[in-house]
Amino acid sequence: MSDDRCDLLCLDLPTAERLRLRRREFRVAEAAAGKAHALSDPTRLTLAAALLEADELCVCDLAWIVERAQNLVSHHARTLRAHGVVRSRRQGKMVMYSLTDEGRTLVDAVLTAARPTMSERVGV
Numbered sequence: 000m001s002d003d004r005c006d007l008l009c010l011d012l013p014t015a016e017r018l019r020l021r022r023r024e025f026r027v028a029e030a031a032a033g034k035a036h037a038l039s040d041p042t043r044l045t046l047a048a049a050l051l052e053a054d055e056l057c058v059c060d061l062a063w064i065v066e067r068a069q070n071l072v073s074h075h076a077r078t079l080r081a082h083g084v085v086r087s088r089r090q091g092k093m094v095m096y097s098l099t100d101e102g103r104t105l106v107d108a109v110l111t112a113a114r115p116t117m118s119e120r121v122g123v
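Residue numbers (numbering that gives the first Met the number 0): 0 to 123.
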């Protein structure tokens, strides 16, 4: 017997069928999962959080902030860009990164959800 499975098949068929028919298309779910995955790494989330506070930062700044090598930061920034969380632009010899509107919304939501509640801070 497992604690995470039903021992008996008991569908709430009207509700289950209504939700099954309304479920998101696989492409939408796949894109959303990619964005969630892009923010699932602590370094990438820290980079995105820094960009939430500063409109735009170069790779050098981001590397300094997260205390990681520039090539590693560039790799993480490419992952964020590939999933539409950040955009980049070249300014002379520098590569500048900023959050997309969608990235800003996602990062804000993730960080808000991760902040301890008042009761958690005071140990209630």
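Every residue, glycine too, gets a C-beta built ideally from N, C-alpha and C.
Since we're looking at a predicted model, the values are computed, not measured.
Item                                                                                                        : Value
Enclosing alpha helix (DSSP H) for S87 [first to last residue]                                              : Segment 85–90 is the beta strand (DSSP E) holding S87; no alpha helix (DSSP H) there.
Exposed unless 16 or more other CB atoms sit within 10 angstroms - verdict on V27                           : exposed
C-beta atoms of L50 and S97 nearer than 8 Å                                                                 : yes
Residue burial classification, A53 (beta-carbon count within 10 angstroms, cutoff 16)                       : exposed
Inter-stretch contact (C-beta, 8 Å, three-pair minimum) for the region 75–93 and the region 34–42           : yes
Between the CA atoms of M95 and V65 - distance to the nearest angstrom                                      : 16 Å
Sequence-distant residues of the same chain with beta carbon closer than 7 Å to P88, five excluded per side : Here the sequence assigns Arg to residue 88, which means Pro is not the residue at that position. Excluding residues within five positions, the ones whose Cβ falls inside 7 Å are M95.
Reduced DSSP category for S73 - H, G, I as helix; E, B as strand; rest coil                                 : helix
CB of T99 within 8 Å of CB of G83, strictly                                                                 : yes
6 Å Cβ shell around T111 - same chain, five flanking residues per side excluded                             : none
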